[in-house]
Amino acid sequence: MSGAPDSPAHDLAAGKPPRWSQRRRILIVLGLNVALIVGLVIAGVLAHSVSVLAAAGDTVADCFALVLGLVAIALRDRDPDHPHAQRPIAVAALVNATLLLAVTVTVTIEAISRLREGSPPVEGLPMVIASLVTMVVMLSGAFVLGRSAAGEDLHMRSVLIDALADAAAAAAITVAGIIILVTNGLYWLDPVLALGVSVVIAIAAVQLIIKAVAALRGKPVDFDDD
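Per numbering that gives the first Met the number 0, numbering of the sequence shown is gapless, rising by one per residue and ending at 225.
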């Protein structure tokens, strides 16, 4: 984690050089996420879908983490050669991962509640449309971040993980929505899918928390061990 992540030397070490600076990429992803939130909330309410509303909650948490990341990047870039220049980045990644865990816990509680009480009817069409739009937006965000984001620093890695996890979740929700639409039933797929997605995201969040805590303790972070 030595050197400024926007420096040419770091770009070469990370593989393919990023097209834009970290700040510009984060701003673009933030704009995409903000545009997505309102649509997801409306679609989730209309579809009565806990998985779509979970995606909306996750997107709100993502926006908060992105704003915090912009602050961390600004603090780091004031003096990139300072021994603790990367500390704000690790803090931003830790907050991002903690927010992810909080969202997954909330979704898990709601999904279990629906399974116990009997899953209410879910409208398949708005569920499919919302998830397809979400998948396109998140894949666009991942493309903007670029493959190099995985090895630049903890915050950029966390943002890329968020985008790819959300895209995968949206793809799964699309499949469930199509099944519900075609069968006009199997509503239990919605909370079950929400549980499955929560587990996957929680695992990634815990791994990120471990790395962030290690970085805050001054230990080197290996980006290739997962």
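Note that beta-carbon positions come from the ideal geometry of N, C-alpha and C, so glycine has one too.
With fewer than 16 other Cβ atoms from the protein chains shown falling within 10 Å of its own Cβ, THR182 counts as exposed.
Taking 7 Å as the cut-off, the beta carbon of LEU194 is found no closer than this to the beta carbon of ALA101. Counting of Cβ neighbours within 10 angstroms places GLU116 among the exposed residues, the total staying below 16. Beyond the five residues adjoining it in sequence on each side, ILE208 comes within less than 8 Å, by CB distance, of LEU93, ALA96, THR97, LEU100 in the same chain, given in chain order.
Taking C-alpha positions only, ASP61 is separated from PRO87 by approximately 17 Å. SER48: not part of any alpha helix (DSSP H); DSSP gives it neither H nor E. Between VAL70 and the set GLY184, GLN21, ARG156, the nearest pair of CA atoms involves GLN21. By the Cβ criterion, the region 34-46 is not in contact with the region 71-82, since fewer than three pairs of Cβ atoms, one from each stretch, lie closer than 8 Å.
It is roughly 36 Å from the alpha-carbon of LEU26 to the alpha-carbon of LEU180. Contact between ALA162 and ALA175 does not hold, since their C-beta atoms are separated by about 21 Å, which reaches or exceeds 8 Å. Per DSSP, HIS154 is one residue of the alpha helix (DSSP H) stretching across 153-182. The beta carbon of VAL66 sits closer than 8 Å to those of LEU29, all from its chain and outside the five residues before and after it, given in chain order. Secondary structure note for LYS210: its alpha helix (DSSP H) is the uninterrupted segment 188-215. Using a Cβ distance threshold of 7 Å, LEU138 and LEU159 do not count as a contacting pair.
Cα atoms of PRO79 and SER112: separation of roughly 48 Å, rounded to the nearest angstrom.
DSSP, reduced to helix, strand and coil, places GLU109 within a helical segment of the structure shown. Closest in C-alpha terms to LEU192, from the list ARG18, ASP165, GLU151, comes ASP165. When only Cα atoms are considered, ILE172 and SER147 end up about 28 Å apart. Judged by their CB atoms, SER197 and ALA169 are not nearer to each other than the 7 Å cut-off. The shortest CA-to-CA distance from ALA203 to any of LYS218, ALA149, TYR186 is the one to ALA149.
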